[in-house]
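Data block below; observations after.
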Amino acid sequence: MAVGGADFARLSRYGLFGGLGHREYLRRTEEQLRALRGQGLEVHLRVLEEADFADYCEALGLDPGTAAARVAYAGDPELAGEPFVYAGERLAELVPLLLDDHRSRVRMSVASAVLLDTIGDDLAGQRRLAAVMRYVTAVYVALAEGAGEGCHLLTLRCHGPEDGEELAAAAELCVEAGMLFPGGRDTEALCVTLAAGVALGGTGALLLHGDAGPEGPPVRGWALAGGRLRPMSAREVFDELADGARWGLPFPPGALPWPGFPLPGVPAPAGPADDTDTDPTEDADTARPDDADSDPEDGGGPLA
């Protein structure tokens, strides 16, 4: 679905829309979607981005003006995550939902590629991947427990140890009556991005923006370094917020920088005994067994 006007204009040169204007195209698309769903068909949608679509067609030798190219692009397995399923939304509701979903899937795709390139696909890599994901899961649950009631915002940025590509993600974290609400695609993207940052052994920051209280919204933070998260001080949280403002991110009005609370350290080891104290950011023969004894108050040692 060509959601953006600029993409629609550039895609029109392939003769995809039969001379329709963008508004008319969207109206007809909505009618077609409703008709297909009314027939009991499950319709999967993907944002049609002109530059990405052109690159995809060139790589596979497809004619971008054909329906076959659009179908192949819509089902491209390189785009991470389950397909977006049309649920009968009106156009005004559908477009922002589809765009948000698409951005999260792109973030997941980029982070997944970084994660798998870093971990490797051999048996040792599979064990390291499992350890990284156990750690990320434990961290996410601990963040929910520490955040308390309400809906909070998690923001993450990280990059490789040698000025690598910066990865970023954000997701809502909602807790009601002590129960963590299931996260959506943005939560998947954040967890995969955190896993990539952990595996890279790079640097970054994870911020938890709480519900606004009488004095303002509290913001807690954790620094990512060497494959682990450690609580930031209140001053470090302030500096991280200020640094984001310098890059064009709004400084949360009235934000109260708070220190981060302790997060889980090394997860329970798994796999062969000779790998039990292996940092998933390393190869097995370069592991440092004493890392497992790191102080849990600073987020624990690198992963076992």
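Our numbering puts the first residue of the sequence shown at 277, with every later residue one more than the last. Think of the CB as a built atom: it goes at the ideal place given N, C-alpha and C, for glycine as much as any other residue. These figures come from a predicted structure and were not determined experimentally.
If you count every other CB in all the chains shown that lies within 10 Å of the CB of residue i, and 16 or more means buried, which is it?
i: A363; result: exposed
i: M455; result: exposed
i: P529; result: exposed
i: F457; result: exposed
i: R461; result: buried
i: R346; result: buried
i: R381; result: buried
i: D553; result: Because the pLDDT of D553 is 43, which lies under 50, any placement of that residue in the model is unreliable, and the number read from its coordinates should be weighed accordingly. D553 comes out buried.
i: R299; result: exposed
i: V415; result: buried
Reducing DSSP to helix, strand and coil, say where residue i ends up.
i: E448; result: strand
i: P494; result: strand
i: R366; result: coil
i: T554; result: Unreliable placement is indicated for T554, whose pLDDT of 44 sits below 50; the coordinate value is still reported in the next sentence. In this structure, T554 counts as coil in the three-state DSSP scheme.
i: G316; result: coil
i: L484; result: strand
i: R322; result: coil
i: L601; result: This structure leaves residue 601 out entirely; the chain is present only between 277 and 580.
i: V279; result: coil
i: G473; result: helix
i: F360; result: strand
i: T479; result: strand
i: M508; result: coil
i: G426; result: strand
i: A531; result: coil
i: L338; result: coil
i: G291; result: coil
i: G489; result: strand
i: A465; result: helix
Rounded to the nearest angstrom, what separates residue i and residue j at their Cα positions?
i: D539; j: D487; result: Looking at the sequence shown, residue 539 is not Asp but Leu. Near 20 Å, if we compare the C-alpha coordinates of D487 and L539.
i: E326; j: P490; result: 47 Å
i: G520; j: G316; result: 47 Å
i: E318; j: W534; result: 46 Å
i: P507; j: V279; result: 41 Å
i: R310; j: L370; result: 12 Å
i: A389; j: A350; result: 19 Å
i: R313; j: H378; result: 21 Å
i: L392; j: R403; result: 12 Å
i: M384; j: H435; result: 15 Å
i: L484; j: G424; result: 11 Å
i: T413; j: A406; result: 11 Å
i: E365; j: D339; result: 31 Å
i: G357; j: L375; result: 14 Å
i: E307; j: V386; result: 33 Å
i: R322; j: L449; result: 25 Å
i: R410; j: G294; result: 50 Å
i: F514; j: E421; result: 23 Å
i: G492; j: L532; result: 6 Å
i: C333; j: A510; result: 49 Å
i: V451; j: C427; result: 6 Å
Verify whether the separation of the beta carbon atoms of residue i and residue j is less than 8 Å.
i: G473; j: L517; result: no
i: W498; j: G536; result: yes
i: L367; j: L302; result: yes
i: T479; j: L500; result: yes
i: L476; j: L432; result: no
i: L324; j: L287; result: yes
For chain D, is any of its Cβ atoms less than 8 Å away from the one on residue i?
i: P353; result: Of the chains in the structure shown, none is chain D; there is only one protein chain.
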